[in-house]
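Working notes, structure below.
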Amino acid sequence: MREGIALGVLFVAVLGLTLAAGPRWIALLGGLAIRQHAYEDAPTSHAKKSGTPTMGGALFCIGLLASLMAMLLIRSWSMGGLGLVLLGLACGAVGALDDWRSIRMGRNRGLRARDKFALTALAGIGFLTFVTGWLPAPTREAVFTLGSQVLRVPQPLWYLLALLALLATTHAVNLTDGLDGLAAGSILPPLAVFAWLGWQNGAFGVCLVDIALAASTIGFLAFNRHPARVFMGDTGALLLGGVLAGSAVLTGTLLLLPVVGGVFAAEALSVIAQVGYFKTTRRRIFRMSPLHHHFELGGWPETKVTARFWTASALCSLAGVVIAR
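Under the numbering used here, the first residue of the sequence shown carries the number -14, and numbering increases by one thereafter.
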């Protein structure tokens, strides 16, 4: 009962704080000329988005830090929750570095892809090293947990799968962040699922962090929905992806991640398929990748693409709940 009330209060408080801080943060970003540059490979209709403030994903830190405060206030400290917050902040820092470099260079290309992957991998290795020190043995080997039934793999393989999941998810969410509100809205159902899994699997810290992050994401959406007043940038996208993957690790449900995060998986796979097919045949499978651009160039309005992807994310998350029950 106490935990349920705490979750409700935390959600409302973080949502209110994000809504209050949003306009001030957007004004600060604009005043410091921290603005998005047009992406050369995006549809031409995106040219008008150039100049919109970016790095708005820093607002997600409100949720992360509030979840830590909640753990202290209700005396429900969780090393898993702490690890998840640190992972989110580390991934967000990598994204912020990428955003800042892009702004300094005056074009929508920041860190080299291999450098971004390397830094994200370091964040992932740090997280996994931290959590394996205290996670119970079953969770350190679990890739799917259903009640008392646990599917396990040898710990070295679990470690590798967890690291790959972290890398794939962070960058898949980043690829999805190409339309107003797309990534922020699509992440909400998966966060809700992993919050529920945290509650069910005894990982209350995961539940707290995911609920708080969902609240700050909803608050952010008030400013990021079409027409967006601010973009989350890599700062927000990598942070969201890191927390999502970390939640799967801590709840022992790695195999559920590509189901619940089906939209992000589809976006990443569309890029892989497009690049691989083009290198082999010099032809394209999609009009443009990631997948949301394919539908844009097919004549769908941006708002329609976003709404359909939100719906798909909700359905994927529902499928994950059905599997996990």
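All residues carry an ideal CB built from backbone N, CA and C; glycine is no exception.
Boundaries of the alpha helix (DSSP H) in which residue i is found, first to last residue
| i | result |
| --- | --- |
| residue 86 | 64 to 90 |
| residue 135 | It is not in any alpha helix (DSSP H) - residue 135 instead sits in the beta strand (DSSP E) that spans 134 to 137. |
| residue 259 | 247 to 266 |
| residue 307 | 287 to 309 |
| residue 56 | 45 to 58 |
| residue 155 | 140 to 161 |
| residue 171 | 167 to 185 |
| residue 272 | Unbroken run through residue 272: none, as it is neither H nor E. |
| residue 228 | 218 to 235 |
Own chain residues within Cβ distance below 7 angstroms of residue i, not counting five before or after
| i | result |
| --- | --- |
| residue 189 | -12, 61, 63 and 183 |
| residue 251 | 276 |
Close beta carbons around residue i, own chain, < 6 angstroms, minus the five adjacent residues each side
| i | result |
| --- | --- |
| residue 154 | 226, 229 and 230 |
| residue 262 | 270 |
| residue 137 | 126 and 127 |
| residue 180 | 192, 195 and 196 |
| residue 140 | 125 and 126 |
| residue 249 | 157, 158 and 161 |
| residue -8 | 196 |
For residue i, the nearest candidate out of the options (CA to CA)
| i | options | result |
| --- | --- | --- |
| residue 254 | 267, 276, 236 and 233 | 276 |
| residue 31 | 6, 179 and 281 | 281 |
| residue -3 | 193, 248, 288 and 308 | 193 |
| residue 81 | 125, 14 and 68 | 14 |
| residue 169 | 141, -5 and 201 | 201 |
| residue 142 | 158, 124 and 159 | 124 |
| residue 246 | 5, -7, 213 and 176 | 176 |
| residue -5 | 75, 145, 51 and 65 | 51 |
| residue 217 | 59, 167 and 152 | 167 |
| residue 221 | 55, 42, 289 and 290 | 42 |
| residue 112 | 74, 206, 310 and 130 | 74 |
| residue 130 | 203, 54, 186 and 265 | 186 |
| residue 288 | 302, 209, 8 and 268 | 209 |
| residue 274 | 1, 28, 309 and 79 | 28 |
| residue 45 | 70, 58 and 57 | 70 |
| residue 6 | 204, 272, 145 and 56 | 204 |
| residue 76 | 219, 57 and 309 | 219 |
| residue 85 | 295, 21, 214 and 57 | 21 |
Burial state of residue i (16 or more Cβ within 10 Å)
| i | result |
| --- | --- |
| residue 134 | exposed |
| residue 47 | buried |
| residue -10 | exposed |
| residue 147 | buried |
| residue 172 | buried |
| residue 35 | exposed |
| residue 257 | exposed |
| residue 101 | buried |
| residue 18 | exposed |
| residue 321 | This structure gives no information on residue 321, because the portion of the chain shown stretches from -14 to 310. |
| residue 198 | buried |
| residue 66 | buried |
| residue 54 | exposed |
| residue 243 | buried |
| residue 307 | exposed |
| residue 260 | exposed |
Own chain, CB closer than 8 angstroms to residue i, minus 5 neighbours either side, in chain order
| i | result |
| --- | --- |
| residue 33 | none |
| residue 68 | 112, 115, 116, 231 and 235 |
Heavy atom of the ligand COA within 8 angstroms of residue i beta-carbon
| i | result |
| --- | --- |
| residue 240 | This structure simply doesn't include the ligand COA, nor any ligand for that matter. |
Check: Can at least three beta-carbon pairs, one atom from the stretch 82 to 95 and one from the stretch 105 to 117, be found at a separation below 8 angstroms?
Finding: no
Next item on the list: Count the C-beta pairs between the stretch 159 to 167 and the stretch 111 to 122 that are closer than 8 angstroms, then say yes if the count reaches three, no if not.
Entry: no
Margin query: Tell me whether the stretch 234 to 243 and the stretch 281 to 296 touch, counting them as touching only if at least three CB pairs, one residue from each stretch, are closer than 8 angstroms.
Written below: no
Note to self: Assess contact between the stretch 35 to 44 and the stretch 237 to 244, defined as three or more Cβ pairs (one per stretch) separated by less than 8 angstroms. Is contact present?
What the structure shows: no
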